[in-house]
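Using the numbering used here, you'd call the opening residue of the sequence shown number 49 and step up by one each time. Please read the structure below before turning to the comments.
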Amino acid sequence: MTPLYKTLFCMCIALLLILLPNSTEAQRVKKAEYTSTQLNNPALSKINWTTTTIDSRFEKNSSDNLLSSAVVSKYKPEVDKFSEPIGYCPTGLKRGYPVAPMSCWAADALKEYAQNYIDTTTRTDIDKNIRVDFSLMNFGGIRSEMPKGNVSKYDILSIFPFNNFLIIEELDGSKVKMLMEFFAKTRAQVLGGVQLHIDGDTVKECLINGELLNENRKYVVATIDFLYKGGDNLYPLKYGNWKIDTDKKMMDVFIEYIQDLTAKGKKIEKEADNRLIIENKTQD
C-alpha cells in the first residue's frame, strides 16, 4: 500500500472512530430493522454525535474523545503533507469540450510520462526503443480543474480521483483509424500527439505526430486500463499487438510528473490548441 492510500485509509478509520460512540444504544441504531419498542425507547435520545475536523486547525483538547484524538494526532502529520505545494500553476487550467487547457495538459503529460516510464524503468521485458506516438484519456476521468497558484497532492486527487492505471500498448493503424472514426460518430476524447479534424460524423483529417494516419503502420498509445477494457465503448483498444501493464495510477502519474517539473524549475502551464476541430456536428 502506497503512503497516499495508507494515509487515506487511516483517515477513514479515524473518522469512523470519531463518529461511532461507545454505547449500547449506538449498537442498536446500527441494526437494519427496529421494533416499535426500540424506536420508542427514550434511551435512544441519549446518543450524542460529534464531528472533528481533520485539517491544519485540528488541536487535541482535553474534552475530546481520547481514542479518536490519539488516532487523528498520530496520522495528522502525514495527512498534512498532502496539503503542501508540489507545483505551481500561474494561471490555472480550465476544463471544457472539445479542447481546453486542462485536457491538453493532461494528455501531453500522460504521453510524456509514459515515454519516460519506458526509457527509465528497470523492467527487462520492455524494449527501450519504443516510442509513444499518442495518448488517450476519457473526459470523464478529469473531474476538476487545476487551481491557480500552488498545487498540492489534494488538488491532484480531486482532479484524478479514479483508480485507473497507465497502460501502454501497440495498435495497428487500422485499429487507430477505427478509434478516430468512432470519435467522429460519437464524441471525441482527450488526445495527446494527435490533430483530429472532424466534419459532421466523418474524419476529415487525422495527424499523429504531424504525419497523416497510416493504416499500414503500427502506433504505440499511452492510455488507461478503463478504456483498454472497453470503457466508453472504445473496444478497438482491446485488439492491440502487445501491452505493458504498469503499476501507476493516474493520480500518482500526475503527482510524480508535477514533482519532476518542479525539480526542473518548471511550472504547470498549458494553452488550448487546435488538436481537435469539430465542424457541422449537431450533437456529441
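C-beta atoms are modelled at their ideal positions from N, C-alpha and C, and glycine is treated no differently.
(message) Based on DSSP bridge pairs, tell me the residues matched to Phe213.
(response) DSSP lists Lys297 as partners of Phe213.
(request) In the DSSP assignment, find the beta strand (DSSP E) that holds Val199 and state where it starts and stops. (result) Segment Gly197 to Ser200, the beta strand (DSSP E) holding Val199.
(request) Can you grab the Cα-Cα spacing for the pair Pro149 / Trp290, in whole Å? (result) The straight-line gap from Cα to Cα measures roughly 31 Å.
(request) Reducing DSSP to helix, strand and coil, say where Lys329 ends up. (result) In this structure, Lys329 counts as coil in the three-state DSSP scheme.
(message) On a Cα-Cα basis, can you pick out the residue from Glu319, Thr330 and Ile325 that is closest to Arg143?
(response) Cα-wise, what sits closest to Arg143 is Glu319.
(message) Can you tell me whether Ser183 is helix, strand or coil according to DSSP?
(response) Look at Ser183 here: in three-state DSSP terms it is strand.
(request) Decide if Lys315 is buried, meaning its Cβ has at least 16 other Cβ atoms within 10 Å, or exposed. (result) The residue in question, Lys315, is exposed, as its Cβ has fewer than 16 Cβ neighbours within 10 Å.
(request) Could you pull the start and end residues of the alpha helix (DSSP H) that Glu319 belongs to? (result) The continuous stretches of alpha helix (DSSP H) do not include Glu319, and DSSP gives it neither H nor E.
(message) Give me the residue from Tyr267, Asp308 and Tyr145 with the minimum Cα distance to Ile190.
(response) Considering only alpha carbons, the answer is Tyr145.
(request) Closer than 8 Å by C-beta to Gln75: which residues in its own chain qualify, once you throw out the five before and the five after it? Chain order, please. (result) The predicted model places Gln75 with a pLDDT of 43, which falls under 50 and marks its position as unreliable, so this point remains unresolved.
(request) Compare the beta carbon distance of Lys159 and Gly248 with 9 Å and say whether it is the shorter of the two. (result) No, the pair does not count as a contact, with Cβ atoms beyond the cut-off.
(message) Taking its Cβ as the centre, do 16 or more other Cβ atoms sit within 10 Å of Gly258, making it buried, or is it exposed?
(response) By the neighbour-count definition (other C-beta atoms within 10 Å, threshold 16), Gly258 is an exposed residue.
(request) Measuring alpha carbon to alpha carbon, tell me which of Ile134, Phe130, Asp128 and Lys129 ends up nearest Leu309. (result) When the alpha-carbon of Leu309 is set against those of Ile134, Phe130, Asp128 and Lys129, the nearest one is in Ile134.
(request) Could you give the DSSP three-state label for Gly140: helix, strand or coil? (result) Coil at Gly140, not helix or strand.
(message) Less than 9 Å between the C-beta atoms of Leu275 and Met185, yes or no?
(response) Result yes, Cβ atoms of Leu275 and Met185 sit closer than 9 Å.
(message) I need the boundaries of the alpha helix (DSSP H) containing Lys233, first residue and last residue.
(response) Per DSSP, Lys233 is one residue of the alpha helix (DSSP H) stretching across Gly221 to Lys233.
(message) Suppose the cutoff is 6 Å on Cβ atoms and the five residues either side in sequence are ignored; what does the same chain contact list for Lys79 look like?
(response) Per-residue confidence for Lys79 stands at a pLDDT of 44, beneath the threshold of 50, marking its modelled position as unreliable; no derived number is given.
(message) Tell me the DSSP secondary structure of Asp308 in three-state form.
(response) Asp308 falls in the helix class under three-state DSSP.
(message) For Leu324 and Trp153, what's the separation of their Cα atoms in angstroms?
(response) It is roughly 14 Å from the alpha-carbon of Leu324 to the alpha-carbon of Trp153.
(request) Throw me the rounded Cβ distance for the Phe208 and Tyr267 pair, which I believe falls under 8 Å. (result) That pair is no contact at about 24 Å.
(request) Could you spell out where the alpha helix (DSSP H) holding Lys159 opens and where it closes? (result) Element bounds for Lys159: Pro149 to Thr168.
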